[in-house]
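Those letters in the sequence shown? Residues 42 to 158, by our numbering.
We put the CB at the ideal spot given by N, CA and C, even for glycine.
Written below as structure tokens is the structure these notes are about.
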Amino acid sequence: MYEQIQADIEGSAAVIQLSRPDRLNALTHKMLSELRHAIGAAEDDPRVVGIVLTGAGRGFSAGMDAQALAAGARGERNLGANDNEFGVEPGDPAMGPEFAVTYAYLLKVRKPIIAAV
Numbered sequence: 042m043y044e045q046i047q048a049d050i051e052g053s054a055a056v057i058q059l060s061r062p063d064r065l066n067a068l069t070h071k072m073l074s075e076l077r078h079a080i081g082a083a084e085d086d087p088r089v090v091g092i093v094l095t096g097a098g099r100g101f102s103a104g105m106d107a108q109a110l111a112a113g114a115r116g117e118r119n120l121g122a123n124d125n126e127f128g129v130e131p132g133d134p135a136m137g138p139e140f141a142v143t144y145a146y147l148l149k150v151r152k153p154i155i156a157a158v
């Protein structure tokens, strides 16, 4: 279902793993879209009481992918046709030009989110 993350239910926890270990799990617009979808699905799942966010390989995340940042600096959108399969629009406030807003939805999630770094 996802290309850049893995999401599983383990007991009563949703475990979401950033899965680009060759790039130190650097975030892309596609990954952010998948992450938002997986967190939303976990929040809506009655079996889940908490969400664990982790990274594959030797690093949790290197931050935003440098190529995605460069594309943004040039005013380009780095969203391909498959990047938007979960309905996160480039104009969505969570994906807009205000970078900090990208993560604001996490504050509204009703279940605890734990980063396993």
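query                                                                                                                             : result
Top-ranked residue by Cα proximity to Ile159, from Ala54, Ser53 and Lys71                                                         : This structure leaves residue 159 out entirely; the chain is present only between 42 and 158.
Integer-rounded CB distance, given that Ala107 should sit under 8 Å from Asn66                                                    : Going by Cβ atoms, the distance from Asn66 to Ala107 rounds to 13 Å, so no, they are not a contact pair.
Contacts around Val159, its chain only, beta-carbon distance under 6 Å, and the 5 residues preceding and following it disregarded : What the structure shows of the chain is the stretch from 42 to 158, and residue 159 is not part of that stretch, so it cannot be assessed.
Range covered by the beta strand (DSSP E) that runs through Ala48                                                                 : Ile46 to Glu51
Ile50 burial status per 10 Å Cβ neighbour count (16 or more: buried)                                                              : exposed
Euclidean distance between Cα positions of Pro62 and Phe101                                                                       : 9 Å
Whether Ala97 touches Ala55 by CB criterion (7 Å)                                                                                 : no
Short Cβ contact (7 Å threshold) for Lys152 with Ile92                                                                            : yes
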